[in-house]
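Encoded as structure tokens, the structure appears first; notes follow it.
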Amino acid sequence: MKKFIVSLLAFASLAAAPLVLSSGCAATATRQSTGEYVDDTAITAKVKTELIRDPVVKARQVDVTTFKGTVQLSGFVDSEEAKTRAAQIARSVNGVHDVQNNISVKAATTP
33 MKKFIVSLLA
43 FASLAAAPLV
53 LSSGCAATAT
63 RQSTGEYVDD
73 TAITAKVKTE
83 LIRDPVVKAR
93 QVDVTTFKGT
103 VQLSGFVDSE
113 EAKTRAAQIA
123 RSVNGVHDVQ
133 NNISVKAATT
143 P
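Just so we're on the same page, our numbering is the position in the sequence shown counted from 1, plus 32.
Structure follows, in structure tokens:
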């Protein structure tokens, strides 16, 4: 009987292992699954690449982060046109669900 109980406990712990391990891969409101992280990294790279190619936006002035398909743009640009263009570029990238444009336009300096 003791052997049966030990065997049953061993089997139960092995059966529960996949449930415990898979819960570590699930996404929550503040965390991403591994797949989401990879997707977001690819989206960020695509947005940055398109910003570099654009003649209006100075890509070094714009920071790009992505979380669950939402792209956040931040930084300081020289013009309102550059701010608007950066958001347009981000929206055009496949996989982007939303764009948060937190870019600030630098104040014009007078000599």
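For glycine and all other residues, C-beta sits at the position ideal for the given N, C-alpha and C.
- When secondary structure is reduced to three states using DSSP, V128 falls in the coil class, being assigned neither helix nor strand.
- Of G101, S136 and G127, the smallest CA-CA separation from A118 is found for S136.
- Pairing G101 with V79 gives a Cβ-Cβ distance that is not under 8 Å.
- Around the beta carbon of I84, a 10 Å sphere encloses fewer than 16 other beta carbons of the protein chains shown; the residue is thus reported as exposed.
- Scanning T73, A122, N126 and A140 for the CA closest to the CA of Q132 turns up A122.
- Contact between K138 and F99 is ruled out by a C-beta separation of about 26 Å, above the 8 Å threshold.
- Pairing V94 with G67, the inter-Cα distance amounts to about 25 Å.
- T141 and Y69 have their alpha carbons spaced roughly 40 Å apart.
- Of S124, V125 and V88, the smallest CA-CA separation from E112 is found for V88.
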